[in-house]
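Novice: In terms of mature numbering (1 follows the signal peptide of the UniProt record, and there is no 0), the sequence shown is residues -28 to -1, 1 to 402.
Here a beta-carbon is modelled for each residue, glycine too, at the ideal position from N, C-alpha and C.
Being a predicted model, the structure only gives us computed values, none of them experimental.
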Amino acid sequence: MQYDRRLIRFGAAMLLAGASLFTGAAFAQTAPEIPSVEVRYGHLPYYDHTQAIIGLDKGWFKEVGITFTPDDRGIVVNAEDGPGVFASGRVDVLSGSAQMMLPAIKSLPPFKVFFYADIFQGYAIMAQADSGAKSFAEFVAEGQAPDEAYRSTMAQLKGKRFAFPTEAAIKGFIDLALQKGALTLADVDAVGAPGDSANVALMQAGRADFQVGGVPSRMTLETAGFKPILTSGDLAAYAAASPDSVELRAVFHDGWLASDAWIEANYDTVLRIASVGFRINQFIADHPDDAAAIHTPFLNSVAGTSFENAMAKVAYSGLDPFWTFDQQEGWILDKANPLNAEYVIGSAIKIYEEQGLFQPGEVKWDQTTVAQKVYADLLDYKKKTDEILAGVEGKDLSAEAGELIEKAKAFYAAFDFLDAYRFASAATGG
């Protein structure tokens, strides 16, 4: 009997010890530290490369221990100077794209894009606001298959006055759009002038029915109410998932990049910077007016422009849509998605192979990006945190553990799944 009582007392002690996992000292864990890190950062003077100012203005980088230098802002670099500034070591992190770096890749330190902010799809055929022209997206929404919708969209140009510049890159988009619509230039009334501004003037004066031009002309016209009916994004969205798809050559992912050496030495910082990037993207999606009110004045101050906030909303909605964390899962992890970086970057590499800059197979897409790994790691931390939070739901936590769980939830809401997991693990003795 004495032996049995000892077993009972031992079992009771074990039960109490188990209960302490949710009520006692095991939850009185020390909060994890978030190190303070200075990052030398470079913006480019464009809407799709200055959105970091939103996180800086809101203090979101500081919340995860990151300070941009110099002057809590970083520096501003012209796009054509970006590769050289990066190679010089003046910045740790640069806003840019794989496509921007590709022509100089052989002379650059090994680098990777580690976060995708947006997808540039700037080229668009614009229609007069009162023309009644339908967009490709509207034809698809009515039930037309993509190939039929391309033909229906482009059929609206037949015999109409079509203004466009002579720029080679834009001509490639025009040729592809006409091909998708089973048209040639002979089917339209070409009234274009050499410069972008001249073509904008033709549209504004009503002397052209449709127009395509560079990014500034699209922003000007769309802000004024002219309608984009077919964009480079529309062409890419239904392309074959292959680097051989020419439709992918007019789109690319903008984001943040760093040297391989810096990423390897600062990987947790990379995850935290990316988390702020996703927080910014969500803010743009949820509060475009508030985002523009921060974003546009900064861009104007560094680029010498006089954009109005309405132009930011054009960039957000069509020109350079900033995709949220949830939205990016498809084109980062889904190999069947044509916007997967393997195909978009691969299509750009094909251009340089055709021009003789690279030998076939000399440069590979995954030499330029690690964003898919960063995303997958954040997603893994998110799932692990979900499991911990579900496990403590409704449990009687100690004050210390409860505080750590609340901090974990705050990091989670801010897309910092790394620190959400660290704090949640600390709360549960992990």
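1) Please report the straight-line C-alpha distance between Thr268 and Val364, rounded to a whole angstrom.
2) Would Leu369 and Phe395 qualify as a contact pair, given that the criterion is a beta-carbon distance under 8 Å?
3) DSSP three-state label for Thr203, please.
4) Would a C-beta distance cut-off of 8 Å place Gln93 and Ala208 closer than the cut-off?
5) Within a Cβ cutoff of 6 Å, which residues of the same chain sit near Ala246, ignoring the five residues on either side of it in sequence?
6) According to DSSP, is Glu375 part of a helix, a strand, or is it coil?
7) When you compare the CB positions of Asp20 and Ala89, do they come within less than 8 Å of one another, or not?
8) Tell me which residues share the same chain as Gln331 and place their Cβ nearer than 8 Å to its Cβ, disregarding the 5 neighbours each side in the sequence.
9) Would you kindly work out how many angstroms separate the C-alpha atoms of residue 427 and Tyr18, rounded to a whole number?
10) Flag this pair as touching only if the stretch 115 to 134 and the stretch 175 to 192 have three or more C-beta atom pairs under 8 Å; answer yes or no.
11) Around the Cβ of Asn50, are there at least 16 other Cβ atoms within 10 angstroms (buried) or fewer (exposed)?
12) Would you check if the distance between the CB atom of Phe294 and the CB atom of Gln23 is smaller than 8 Å?
13) Let me make sure I understand the geometry here. Which of Ala313, Val316 and Ala265 has the alpha-carbon closest to that of Ile25?
14) On the three-state DSSP scale, how would you describe Gln100?
15) On the DSSP letters alone, give me the boundaries of the alpha helix (DSSP H) that Ser247 sits inside.
16) Could you say which of Gly227, Thr400, Trp303 and Gly178 lies nearest to Ala371 if we only look at CA atoms?
17) DSSP state of Ile38, grouped into three classes?
18) Tell me, to the nearest whole angstrom, how far the beta carbon of Val160 is from that of Phe198; I am working on the premise that it is less than 8 Å.
19) Would you kindly work out how many angstroms separate the C-alpha atoms of Met98 and Lys78, rounded to a whole number?
20) What are the start and end residues of the alpha helix (DSSP H) that includes Ile323?
21) Throw me the rounded Cβ distance for the Leu66 and Gly27 pair, which I believe falls under 8 Å.
22) Pop quiz: Leu229 and Phe83 are said to be a contact at Cβ under 8 Å. What is the actual Cβ separation, rounded to whole angstroms?
23) Thinking C-alpha only, which one of Leu157, Asp168, Pro55 and Tyr122 is nearest Phe108?
Specialist: Well, looking at it:
1) Taking the first residue of the sequence shown as 1, we reach residue 268 at position 296. Taking the first residue of the sequence shown as 1, we reach residue 364 at position 392. Using only the alpha carbons, I get a separation of about 43 Å.
2) Here residue 369 refers to the residue found at position 397 of the sequence shown. Here residue 395 refers to the residue found at position 423 of the sequence shown. Result no, Cβ atoms of Leu369 and Phe395 do not sit closer than 8 Å.
3) Translated into positions along the sequence shown, residue 203 becomes position 231. If DSSP states are grouped into helix, strand and coil, Thr203 belongs with the strands.
4) Taking the first residue of the sequence shown as 1, we reach residue 93 at position 121. Taking the first residue of the sequence shown as 1, we reach residue 208 at position 236. For Gln93 and Ala208, yes; Cβs fall inside 8 Å.
5) Your numbering for residue 246 matches position 274 in the sequence shown. Cβ within range, chain order: Phe87 and Val346.
6) For the purposes of this step, residue 375 is taken as residue 403 along the sequence shown, with counting starting at 1. DSSP places Glu375 in helix when its eight states are reduced to three.
7) As a working note, residue 20 is residue 48 in the sequence shown. As a working note, residue 89 is residue 117 in the sequence shown. Going by C-beta atoms, Asp20 is nearer than 8 Å to Ala89.
8) Residue numbering aside, residue 331 sits at position 359 when the sequence shown is read from its first letter. The answer, listed in chain order, is Glu325.
9) Only positions -28 to 402 of the chain appear in this structure, which leaves residue 427 out of reach.
10) yes
11) By one-based count along the sequence shown, residue 50 stands at place 78. With fewer than 16 Cβ atoms within 10 Å of its Cβ, Asn50 is classed as exposed.
12) Counting from 1 along the sequence shown, the entry for residue 294 is found at position 322. Counting from 1 along the sequence shown, the entry for residue 23 is found at position 51. Yes.
13) Residue numbering aside, residue 25 sits at position 53 when the sequence shown is read from its first letter. When only C-alpha atoms are compared, the closest one is Ala265.
14) If you number the sequence shown from 1, residue 100 lands on position 128. If DSSP states are grouped into helix, strand and coil, Gln100 belongs with coil.
15) Here residue 247 is taken as the residue at index 275 of the sequence shown, counted from 1. Counting along the chain, the alpha helix (DSSP H) containing Ser247 begins and ends at Tyr239 to Asp258.
16) Working through the sequence shown from its first residue, we reach residue 371 at position 399. Among Gly227, Thr400, Trp303 and Gly178, the Cα nearest to that of Ala371 is on Thr400.
17) What you label residue 38 is simply residue 66 of the sequence shown in a count that begins at 1. Here Ile38 sits in strand by DSSP.
18) Within the sequence shown, the letter at position 188 stands for residue 160. Within the sequence shown, the letter at position 226 stands for residue 198. Wrong, their Cβ atoms sit about 17 Å apart, outside the cutoff.
19) On the sequence shown, position 126 is the one that residue 98 refers to. On the sequence shown, position 106 is the one that residue 78 refers to. In a straight line, the C-alpha of Met98 is about 38 Å away from that of Lys78.
20) The residue you call residue 323 lines up with position 351 of the sequence shown. Counting along the chain, the alpha helix (DSSP H) containing Ile323 begins and ends at Ala313 to Glu326.
21) Counting from 1 along the sequence shown, the entry for residue 66 is found at position 94. Counting from 1 along the sequence shown, the entry for residue 27 is found at position 55. Their Cβ separation, rounded to whole angstroms, is 16 Å, which puts Leu66 and Gly27 out of contact at 8 Å.
22) Counting from one through the sequence shown, the residue named residue 229 turns up at place 257. Counting from one through the sequence shown, the residue named residue 83 turns up at place 111. Contact holds; Cβ gap of about 5 Å.
23) Looking up residue 108 in the sequence shown gives position 136. Among Leu157, Asp168, Pro55 and Tyr122, the Cα nearest to that of Phe108 is on Tyr122.
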